[in-house]
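So the mapping is simple: the numbering used here equals the position in the sequence shown, first residue as 1, plus 630. Below: the structure, in structure tokens.
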Amino acid sequence: MLHKYRNYLIDIGKSRNTVISYINDLQIFFQEIGVNPDSYVISNDIKKWTREMLNPKEGRALSVSTINRRLNTLRSYFSWAEKEKYIRVNPMTDIKSLKMVDEEHEKILWLTEKEFEDLLERMRKYPVKTRGVNAEEKYRRDRVVIYILTYAGLRVEELSNLKITDIDLEVKKIRVVGKGNKVRTIPMSNFLYNEILEWLQFRSSVSKEIVSQSPFLLYSQRSGKFSIRGIQTMIENYSTPDKKLTPHMFRHTFCKWMLKATNNDIEKVRRLAGHSHISTTTRYLKSSYDELTDAVESMPVF
């Protein structure tokens with residue numbers, strides 16, 4: 631059945647990397663629960679598997695985002711299997727995604743300026759190819775995604791939901807609807823303004839009905855809205871063996887760089903990032919080991 635599902639993903643235009651990711655998640659699932667892909671699976675199998683990923687007997691626990699990604703893969707797979715009459719009961723019906731860990735307890739990973747520069751160079755020279763997608767169109771979209779996440783500090787769901795009308799080019803501001811439907815306004819730097827303007831100009835030249843009729847700033851190959859999962863996959867595809875990239879890593883980078891730019895003005899960064907509690911923002915004041923080393927080396931010597 632996995633082979634048929636792989637063909638289905640290819641037929642609906644999923645990229646090669648996406649297909650590999652989905653099938654890999656499914657193979658891991660069936661292997662770890664000790665069941666053949668064509669065998670009967672019940673919801674308790676999935677619940678037990680989820681608990682084992684959270685509290686493994688050996689090794690480190692997987693992150694909530696990774697577990698939710700795997701659950702989303704199962705959700706898509708079993709939904710397809712039910713629709714195609716391969717199964718009578720969908721075991722994912724009563725399985726919900728895990729609640730994300732509070733930002734205050736999330737490990738902070740960000741990009742250094744060199745890593746960010748290398749990423750942009752990698753995107754330009756070695757673009758991740760997607761079947762049926764114009765290379766220039768994909769590069770322009772991926773580039774503006776990276777810049778908005780990094781220079782406006784948006785959460786991935788905020789970026790996915792961002793509409794063209796949320797971009798005010800006259801006053802250079804972005805209107806963001808955040809957690810709990812809280813609205814915040816983020817000023818655009820001249821640099822970010824130019825990047826978004828270039829994207830809007832390019833977007834207006836794209837002769838696709840799903841694009842011209844979509845109110846959203848970003849779109850995918852098959853939809854007028856770039857989904858959260860789509861953005862996550864896009865960014866993961868630019869990872870290196872040494873550094874796995876996630877959308878939230880760019881938000882961390884925004885907070886870290888913004889604190890440096892504002893001379894550690896926590897309140898300004900809190901407002902820009904949309905943190906409910908200032909304690910969330912203060913986490914970014916914790917210096918990296920390299921920064922501590924630089925500080926020690928900069929002490930005067932007599």
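C-beta: ideal position from N, C-alpha, C; glycine also. All of these numbers come straight from a predicted model, not from anything done at the bench.
Problem set entry | Three-pair Cβ contact test at 8 Å for the region 828-845 versus the region 785-804 | yes
Exercise. Short check: CB of SER669 to CB of ASP724, under 9 Å?
Worked result: no
For this session: Within its chain, find whatever has a CB closer than 7 Å to the CB of TYR707; leave out the 5 residues flanking it on each side and keep chain order.
Result: TYR635, LEU656
Exercise. How about LEU701 and MET879: do their beta carbons lie closer than 9 Å?
Worked result: no
For this session: Return the CA-CA distance between MET631 and TYR638, expressed in angstroms with no decimal places.
Result: 11 Å
Exercise. VAL813 bridges to which residues according to DSSP?
Worked result: VAL807
Exercise. Any idea if GLU733 is buried or exposed, counting beta-carbon neighbours within 10 angstroms, 16 or more meaning buried?
Worked result: Interpretation of GLU733 is limited by its pLDDT of 46, a score under 50 that renders its predicted location unreliable; the figure taken from the coordinates is listed afterwards. Buried, since its Cβ has 16 or more Cβ neighbours within 10 Å.
For this session: Might you give, ordered along the chain, the residues of its own chain that have their beta carbon closer than 8 Å to the beta carbon of ASP641, omitting 5 neighbours on each side?
Result: none
For this session: List the residues that DSSP assigns as beta-bridge partners of ASP798.
Result: LYS803
Problem set entry | Sufficient close CB pairs (3 or more, under 8 Å) joining the region 772-785 to the region 879-897 | yes
For this session: Please go through the region 644-682 and give each complete beta strand (DSSP E) segment of 3 or more residues, from N-terminal end onward.
Result: none
Exercise. What number of angstroms, rounded off, separates the C-alpha of VAL774 from the C-alpha of ASP872?
Worked result: 24 Å
Exercise. Once you ignore the five residues that flank ASP675 on each side, which residues in its own chain have a CB closer than 8 Å to its CB?
Worked result: ILE663, VAL665, PRO721
For this session: Under the assumption that ILE840 contacts GLY860 (Cβ atoms under 8 Å), give the Cβ distance between them as a whole number of angstroms.
Result: Contact doesn't hold; Cβ gap of about 14 Å is too wide.
For this session: Measure the beta-carbon distance from MET753 to TYR868 and round it to whole angstroms, keeping in mind my assumption that it falls under 8 Å.
Result: 6 Å
Exercise. Quick one, are the C-beta atoms of LEU827 and LEU799 less than 9 Å apart?
Worked result: yes
Exercise. Short check: CB of GLY904 to CB of ARG785, under 9 Å?
Worked result: yes
Exercise. Assuming TRP710 contacts ARG770 under a Cβ cut-off of 8 Å, what Cβ separation, rounded to an integer in Å, is found between them?
Worked result: That belief does not hold up - the Cβ atoms of TRP710 and ARG770 are roughly 32 Å apart, past 8 Å.
Problem set entry | Assumed close pair VAL899, THR911 - CB separation to whole angstroms, cut-off 8 Å | 5 Å
Exercise. Looking only at C-alpha atoms, which of ARG814, PHE746, ARG681 sits nearest to ILE865?
Worked result: PHE746
Exercise. Taking the continuous alpha helix (DSSP H) assigned at TRP887, which residues delimit it?
Worked result: 877-891
Exercise. Shortest alpha-carbon distance to ASN647 belongs to which of LYS744, GLN862, ILE896, LEU741?
Worked result: GLN862
Problem set entry | Residue burial classification, ASP772 (beta-carbon count within 10 angstroms, cutoff 16) | buried
Exercise. Buried or exposed: which applies to LEU741, given that a residue is buried once 16 or more other Cβ atoms fall within 10 Å of its Cβ?
Worked result: buried
Exercise. Is SER790 closer than 9 Å to PHE884 when the C-beta atoms are compared?
Worked result: no
Problem set entry | Assigned exposure category for LEU875 - 16 Cβ within 10 Å defines buried | buried
Exercise. What does a CB cutoff of less than 8 Å around SER627 pick up in its chain, not counting 5 residues either side in sequence?
Worked result: This structure gives no information on residue 627, because the portion of the chain shown stretches from 631 to 932.
For this session: Could you check if SER819 is buried or exposed, using at least 16 other CB atoms within 10 Å of its CB as the buried criterion?
Result: exposed
Exercise. For PHE708, which three-state DSSP category applies?
Worked result: helix
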